[in-house]
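Asks:
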Amino acid sequence: MPLPLIYHEDYSPEFPPEHRFPMDKFRLLRDHLVDSGLTRDADLLRPALCPPEILALAHDRAYIERYMGGELSREDQRRLGLPWSEALARRTVRAVGGSLLAAEQALEHGLACHLAGGTHHAHYDHPAGFCIFNDLAVISRYFLASGRVSRVLIFDCDVHQGDGTARILHDTPDAVTVSLHCEKNFPARKAHSDWDIPLPMGMGDDAYLRVVDDALNYLLPLYQPDLVLYDAGVDVHKDDALGYLKLTDEGLAARDESVMRHCLGRDIPVVGVIGGGYSKDRKALARRHGILHHSAQKVWVSSGCH
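Going by UniProt numbering, the sequence shown wraps up at 306, each residue one higher than the last.
1. Can you tell me where the beta strand (DSSP E) holding Asp205 begins and where it ends?
2. Please go through the region 135-209 and give each complete alpha helix (DSSP H) segment of 4 or more residues, from N-terminal end onward.
3. Is it buried or exposed for His192, if we count other Cβ within 10 angstroms and need 16 for buried?
4. Between the alpha carbons of Ser73 and Pro51, how many angstroms are there, rounded?
5. Please determine if the region 5-13 and the region 43-61 are in contact, where contact requires at least 3 C-beta pairs separated by less than 8 Å.
6. On a Cα-Cα basis, can you pick out the residue from Gly265, His289 and Asp267 that is closest to Gly275?
7. What are the start and end residues of the alpha helix (DSSP H) that includes Leu292?
8. Would you identify the three-state DSSP class for Val228, choosing helix, strand or coil?
9. Given that a residue counts as buried once 16 or more other Cβ atoms are within 10 Å of its Cβ, and exposed if not, what is Ala58?
10. Would you identify the three-state DSSP class for Leu72, choosing helix, strand or coil?
11. Which one of His109, Leu264, Pro47 and Arg78 has the shortest CA to CA distance from Ser99?
12. Could you compute how far the alpha carbon of Ala232 sits from the alpha carbon of Val211?
13. Along the chain, where does the beta strand (DSSP E) that runs through Val271 open and close?
14. Please classify Tyr230 as buried or exposed, where buried requires at least 16 other C-beta atoms within 10 Å of its C-beta.
15. State the beta-bridge partners of Cys131 as determined by DSSP.
16. Am I right that Arg91 and Asp158 are in contact with their C-beta atoms under 8 Å? What's the rounded C-beta distance?
17. Measuring CA to CA, which of Asp249, Pro16, Leu88 and Lys190 is closest to Tyr67?
18. For His160 versus Phe186, is the C-beta spacing smaller than 9 Å?
19. Classify Gly37 as buried or exposed, calling it buried when 16 or more other Cβ atoms lie within 10 Å of its own Cβ.
20. Got a sec, what are the start and stop residues for the beta strand (DSSP E) Ala122 sits in?
21. Which same chain residues, not among the five before or five after His120, have their C-beta less than 7 Å away from its C-beta?
22. Using 9 Å as the threshold, is the C-beta distance between Val271 and Leu219 below it?
23. Using the three-state DSSP reduction, which class does Ala112 fall into: helix, strand or coil?
24. Using only alpha-carbon positions, find the residue among Lys238, Arg287 and Asp213 that is nearest to Glu257.
25. Out of Val176, Asp239, Asp76 and Ile54, which one is the CA nearest neighbour of Lys280?
26. Rounded to the nearest angstrom, what separates Ala112 and Gly251 at their Cα positions?
27. Measuring straight from C-alpha to C-alpha, what distance separates Gly304 and Pro83?
28. Buried or exposed for Arg61, going by 16 or more other Cβ atoms inside 10 Å?
29. Does the beta-carbon distance from Pro127 to Leu80 come in below 9 Å?
30. Can you tell me whether DSSP reads His237 as helix, strand or coil?
31. What whole-angstrom Cβ distance do His32 and Ala286 have, given they're in contact under 8 Å?
32. Using the beta-carbon count (16 or more within 10 Å), is Glu65 buried or exposed?
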């Protein structure tokens, strides 16, 4: 069986070409994974839209309706930084459905990866930092509420702190939030995750990988989660436009493999979402995000998940 990979054509709606957010990276990531022989388009799993009642496990219903109806306040539009459209609203709800499907697949097969997801700045009742609905919080609440898992651990390696996730899940003790992020970076006002691991600007591969190993060696035995949600942000890369860390392609691959091997070595299902990554060179960015999926394929084959 092939590694479960989740994608939908809705993920890259038409977008202003000069916009800072690289909305076409999802489509380009799909193209890269197909062109590099990792998968075939026919093998990609297509998610349904996330139902409103599942979104409402982590978000205010009035906020969901405001966003879906294109009625955000000017202040919320400024915080979000994305122009509203029906296509973007559909994409947003579809992508949360994609992370849910990825988590279902991970629980069934041990490992799955999404070609989107990781919208960790979205808050309970407002958007922020290009994030509208928080897929990590939605998945956590959904699988805990259904009784499918008794503890979820979110291992967020995006260069920016997962502030929305930390705030939404603050009163959900069985959802453990872990954020490794560059200390001096967005958001200026940090939230309190269960575990915040602030990193100095300019940190490179070796020091970063030691932090990842130490954190997982400590946290996985401590919490013994039934599911790990891994936000594999590539904005820690040395060439990222919004980063400040200095990881190389090799460092990203080593990080992704390490996280997945730590989890699978303890029989903990793990789902990978792509998180943040910013560059004017969108094809290079898509290849960078694809490191997660290529690393997952290596681990999938060697661990015999399937």
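Note that beta-carbon positions come from the ideal geometry of N, C-alpha and C, so glycine has one too.
Replies: On the basis of the supplied data:
1. Looking at the DSSP string, Asp205 is not in any beta strand (DSSP E); the run it does join, the alpha helix (DSSP H), is Asp205 to Tyr223.
2. Complete alpha helix (DSSP H) runs here, min 4: 135-145 and 163-168.
3. The residue in question, His192, is exposed, as its Cβ has fewer than 16 Cβ neighbours within 10 Å.
4. For Ser73 and Pro51, the distance between alpha carbons rounds to 24 Å.
5. Yes, the region 5-13 is in contact with the region 43-61.
6. Of the candidates Gly265, His289 and Asp267, the one whose C-alpha sits nearest the C-alpha of Gly275 is His289.
7. Leu292 -> alpha helix (DSSP H) spans Arg282 to Ser303.
8. Here Val228 sits in strand by DSSP.
9. By the 10 Å Cβ count, Ala58 comes out buried.
10. Three-state result, Leu72: coil.
11. Measuring from the Cα of Ser99, the nearest candidate turns out to be Pro47.
12. Rounded to the nearest whole angstrom, the C-alpha separation of Ala232 and Val211 is 15 Å.
13. Going by DSSP, Val271 is part of the beta strand (DSSP E) stretching over Val270 to Val273.
14. Of the other Cβ atoms in all chains shown, 16 or more fall within 10 Å of the Cβ of Tyr230; this residue is therefore buried.
15. In the DSSP assignment, Cys131 is bridged to Ala128.
16. Approximately 20 Å separates the beta-carbon atoms of Arg91 and Asp158; this is outside 8 Å, ruling out the contact.
17. Comparing Cα positions, the closest option is Leu88.
18. Cβ atoms of His160 and Phe186: closer than 9 Å.
19. Classification for Gly37: exposed.
20. No beta strand (DSSP E) contains Ala122, which DSSP labels as neither H nor E.
21. The beta carbon of His120 is closer than 7 Å to those of Cys131, Asn134, Leu136, Asp156, Asp158, Gly162, Gly164, Thr165 and Asp231 in its chain, skipping five residues each way along the sequence.
22. Cβ distance not < 9 Å, so Val271 and Leu219 don't count as in contact.
23. Ala112: strand per DSSP, three-state reduction.
24. Each of Lys238, Arg287 and Asp213 was checked against the Cα of Glu257, and the nearest Cα belongs to Asp213.
25. Measuring from the Cα of Lys280, the nearest candidate turns out to be Asp239.
26. Rounded to the nearest angstrom, the two C-alpha atoms are 21 Å apart.
27. Approximately 43 Å, taken between the alpha carbons.
28. Taking all protein chains in view, the Cβ of Arg61 is surrounded by fewer than 16 other Cβ atoms within 10 Å, so the residue is classified as exposed.
29. It is a contact, given that the beta carbons lie within the stated cut-off.
30. Three-state result, His237: strand.
31. Taking a contact as a CB-CB distance under 8 Å, the pair His32 and Ala286 counts as one, their CB atoms being some 5 Å apart.
32. So Glu65 counts as exposed.
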